[in-house]
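Down below is the structure, laid out as structure tokens.
In full-length UniProt numbering, the protein residues as written are 1 to 402.
Printed below as a string of structure tokens:
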């Protein structure tokens, strides 16, 4: 990689926000500042749909900076750039230096001239820079259709040159889209669902259901690790680990076996909603996909939704498993998700679950849970609460919140 003077960050959708645009831009700048704080001191400013990130420490690890910026929602492209004076000799020399050691065989030069007072047009700048690179860079050839290297020149208050561009996470800045509560299990789907909603700027709380001794501490640790992964994108997560053993055993002892899963899911929704309302969350989020398991048929999902008054978002609803796995791998959650520690949704699974339940039948079966309101309140009150941000986990007291 060539010498990096600063990083140009490009955002897309934010630029379309009209009069609300400054609010989204300020949120993005704040998130970038928070994300980079552990890596040193940086100057962060914006101009013309571009954010300029310039290190103030000589020993700044720019590879680490780029890696961190890839997980900041709202950024579309990350361009490590060299800065130079706005004269053609300086621009040409900087361009040749940027091309050195990149290893491609063909290249193309593109120029963006924001400063319309610059004496050359964009095509003229590209031609001069391209000619200079051809003279100085050995066996490189020009390919305007499918080049190995796209060398880009931007003429702004200064000139900027870069030959590498990395994709950002896209989406909207974290914290710009309200709050929602994610039902987070130890599987593949729910972390993906959380990531997809967080990509739209939504701040996440997460609710995990823990059933010791049937689920182990390792299972809970796995969910905490998944929350860490998602939190790297979402600028933090508050995780509630809800004790679910007594409720689960009561369902098993008192309800028809073929309704166990759907009733369990309904109680989970009610608990998650109580936590959500306490936090000001406006929706619930799950990782369900139509028909993936017995509790995810349309009939079963209707029965589950009837237990909640908040809207339920299911980002994975129309995706097949392979599509979900692809995103799981993309966000580095897959290897954690497949660790063999069971969650409470996979224990006590009935042999013949009801796949086409009717809501009136489910409500009738639930009447056997005569003490369920007290049990739900106790589960919410007894939840362990963790604040997760930047790879660190801080346990806080749920009772002190009240």
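Note that beta-carbon positions come from the ideal geometry of N, C-alpha and C, so glycine has one too.
**Q.** Euclidean distance between Cα positions of residue 39 and residue 60
**A.** In the chain shown, counting from the first residue as 1, residue 39 sits at position 39. In the chain shown, counting from the first residue as 1, residue 60 sits at position 60. Near 7 angstroms, if we compare the C-alpha coordinates of residue 60 and residue 39.
Q. In whole angstroms, what is the alpha-carbon distance linking residue 217 and residue 210?
A. Position 217 of the chain shown, counted from the first residue, corresponds to residue 217. Position 210 of the chain shown, counted from the first residue, corresponds to residue 210. Roughly 9 angstroms between the two C-alpha positions.
Q: Give the DSSP-derived three-state secondary structure of residue 401 in the structure shown.
A: Walking along the chain shown from the start, residue 401 turns up at place 401. For residue 401, the predicted model reports a pLDDT of 47, less than 50, meaning its position is unreliable and no value from the coordinates is stated.
Q) CB-CB under 7 angstroms to residue 225, same chain, minus the five flanking residues each way: which ones, in chain order? A) Start at 1 with the first residue of the chain shown, and residue 225 comes out as number 225. These residues qualify, in order along the chain: 336.
Q) Taking the C-alpha atoms as reference points, what is the distance between residue 357 and residue 266? A) As a position in the chain shown, residue 357 is number 357, starting the count at 1. As a position in the chain shown, residue 266 is number 266, starting the count at 1. Using only the alpha carbons, I get a separation of about 13 angstroms.
**Q.** Sequence-distant residues of the same chain with beta carbon closer than 7 angstroms to residue 94, five excluded per side
**A.** Here residue 94 is taken as the residue at index 94 of the chain shown, counted from 1. Cβ neighbours of residue 94 beyond the five flanking positions: 82, 84 and 161.
Q: Kindly list the residues whose CB is nearer than 8 angstroms to the CB of residue 399, restricted to its own chain and excluding five residues on each side of it in sequence; keep chain order.
A: Position 399 of the chain shown, counted from the first residue, corresponds to residue 399. Low confidence applies here, because residue 399 scores a pLDDT of 49, under 50, leaving its location unreliable; read the following figure in that light. The residues 381, in chain order, have a CB closer than 8 angstroms to that of residue 399 in the same chain once the five nearest residues on each side in sequence are set aside.
Q.
Quick check: the Cα distance between residue 19 and residue 264, rounded to an integer number of angstroms?
A. In the chain shown, counting from the first residue as 1, residue 19 sits at position 19. In the chain shown, counting from the first residue as 1, residue 264 sits at position 264. Their Cα atoms are separated by approximately 46 angstroms.
(Q) Tell me the rounded alpha-carbon separation between residue 24 and residue 179. (A) On the chain shown, residue 24 is found 24 positions in, with the first residue counted as 1. On the chain shown, residue 179 is found 179 positions in, with the first residue counted as 1. Distance between the alpha carbons of residue 24 and residue 179: 16 angstroms.
Q) So what does DSSP say about residue 127, is it helix, strand or coil? A) As a working note, residue 127 is residue 127 in the chain shown. In the structure shown, residue 127 sits in a helix (DSSP, three-state: H, G or I).
Q: Find out if the Cβ-Cβ distance for the pair residue 89, residue 155 is shorter than 8 angstroms.
A: As a working mapping, residue 89 is identified with position 89 in the chain shown. As a working mapping, residue 155 is identified with position 155 in the chain shown. No, these two residues do not count as a Cβ contact at 8 angstroms.
Q | Distance between residue 158 and residue 111 (C-alpha atoms, nearest Å) | A | Here residue 111 refers to the residue found at position 111 of the chain shown. Here residue 158 refers to the residue found at position 158 of the chain shown. So the alpha carbons of these two residues sit roughly 13 angstroms apart.
Q. What's the C-alpha gap between residue 127 and residue 109?
A. Taking the first residue of the chain shown as 1, we reach residue 127 at position 127. Taking the first residue of the chain shown as 1, we reach residue 109 at position 109. The alpha-carbon atoms of residue 127 and residue 109 are separated by roughly 8 angstroms.
**Q.** Proximal residues to residue 401 (C-beta, below 6 angstroms), its chain only, five neighbours per side dropped
**A.** Position 401 of the chain shown, counted from the first residue, corresponds to residue 401. A caution first: residue 401 carries a pLDDT of 47, below 50, which makes its placement in the model too unreliable to give a value.
Q. To which residues of the same chain is residue 386 closer than 6 angstroms at the C-beta, ignoring the five residues directly before and after it?
A. In the chain shown, residue 386 corresponds to position 386, counting from 1. These residues qualify, in order along the chain: 239, 393 and 395.
Q.
Between the alpha carbons of residue 205 and residue 258, how many angstroms are there, rounded?
A. Working through the chain shown from its first residue, we reach residue 205 at position 205. Working through the chain shown from its first residue, we reach residue 258 at position 258. Spanning the two alpha carbons is a distance of roughly 31 angstroms.
Q) Is residue 233 near residue 73, with beta carbons less than 8 angstroms apart? A) Residue 233 sits at position 233 when you count from the first residue of the chain shown. Residue 73 sits at position 73 when you count from the first residue of the chain shown. It is a contact, given that the beta carbons lie within the stated cut-off.
Q. Which residue from 100, 8 and 58 puts its Cα closest to that of residue 47?
A. Sequence index remark: in the chain shown, residue 47 carries index 47 (1-based). In this structure, 8 is the residue among 100, 8 and 58 with its C-alpha nearest to the C-alpha of residue 47.
Q. Closest by CA to residue 214, which one among 261, 254, 246 and 196?
A. Here residue 214 refers to the residue found at position 214 when the chain shown is read from its first residue. Minimum Cα distance to residue 214 is reached at 246.
Q) So, is residue 36 buried or exposed, given that buried needs 16 or more other C-beta atoms within 10 angstroms? A) Working through the chain shown from its first residue, we reach residue 36 at position 36. Buried, by the Cβ-count rule.
**Q.** Outcome for residue 144 when other beta-carbon atoms lying within 10 angstroms are tallied against a minimum of 16
**A.** As a working mapping, residue 144 is identified with position 144 in the chain shown. So residue 144 ends up on the exposed side.
(Q) Looking at the strands, I want to know which residues DSSP matches up with residue 205. (A) For the purposes of this step, residue 205 is taken as residue 205 along the chain shown, with counting starting at 1. Bridge partners of residue 205: 181 and 238.
**Q.** Pairwise C-alpha distance: residue 272 and residue 331
**A.** Start at 1 with the first residue of the chain shown, and residue 331 comes out as number 331. Start at 1 with the first residue of the chain shown, and residue 272 comes out as number 272. For residue 331 and residue 272, the distance between alpha carbons rounds to 25 angstroms.
Q.
Please state the DSSP three-state secondary structure of residue 8.
A. For this step, residue 8 is matched to residue 8 along the chain shown. Residue state, collapsed to three classes: strand.
Q. Can you tell me whether DSSP reads residue 79 as helix, strand or coil?
A. On the chain shown, residue 79 is found 79 positions in, with the first residue counted as 1. Strand at residue 79.
Q. Hey, is the region 188-195 in contact with the region 313-322, meaning 3+ C-beta pairs nearer than 8 angstroms?
A. yes
Q. What residue from 241, 300, 283 and 364 has the CA that sits closest to residue 290's CA?
A. What you label residue 290 is simply residue 290 of the chain shown in a count that begins at 1. Ranked by Cα distance from residue 290, the first of 241, 300, 283 and 364 is 300.
(Q) On the criterion of 16 or more Cβ atoms from any shown chain inside 10 Å, does residue 173 qualify as buried, or is it exposed? (A) Mapped onto the chain shown, residue 173 falls at position 173. By the neighbour-count rule (16 or more Cβ atoms within 10 Å), residue 173 is buried.
Q. The alpha helix (DSSP H) spanning residue 266 covers which residue range?
A. By 1-based counting over the chain shown, the position of residue 266 is 266. 260-279 is the extent of the alpha helix (DSSP H) around residue 266.
Q. To which residues of the same chain is residue 71 closer than 7 angstroms at the C-beta, ignoring the five residues directly before and after it?
A. Position 71 of the chain shown, counting from 1, holds the residue named residue 71. Here the set comprises 169, 232 and 233.
Q: Using DSSP bridges, identify the partner residues of residue 24.
A: Position 24 of the chain shown, counted from the start, is the residue given in the question as residue 24. In DSSP, residue 24 forms no bridge with anything.
Q. Pick from 176, 198 and 207: whose alpha carbon is nearest that of residue 186?
A. As a first step, residue 186 must be located in the chain shown, where it is residue number 186. Ranking the options by Cα distance to residue 186, first place goes to 207.
(Q) If I follow the unbroken alpha helix (DSSP H) through residue 191, where does it start and stop? (A) Within the chain shown, numbered from 1, the residue matching residue 191 stands at position 191. Segment 189-198, the alpha helix (DSSP H) holding residue 191.
Q.
So, for residue 76: in the same chain, excluding its five sequence neighbours on each side, which residues have a beta-carbon less than 6 angstroms away from its beta-carbon?
A. Taking the chain shown and counting its residues from 1, the one referred to as residue 76 is at position 76. For residue 76, where only same-chain residues beyond five positions count, the Cβ hits under 6 angstroms are 10, 11, 12, 168 and 170.
Q. To the nearest whole angstrom, what separates the beta carbons of residue 284 and residue 181, a pair I think is in contact under 8 angstroms?
A. Translated into the one-based positions of the chain shown, residue 284 becomes position 284. Translated into the one-based positions of the chain shown, residue 181 becomes position 181. With a Cβ gap of about 5 angstroms, residue 284 and residue 181 count as contacting.
Q. By DSSP, does residue 392 sit in helix, in strand, or in coil?
A. Taking the chain shown and counting its residues from 1, one reaches residue 392 at position 392. Strand, per DSSP.
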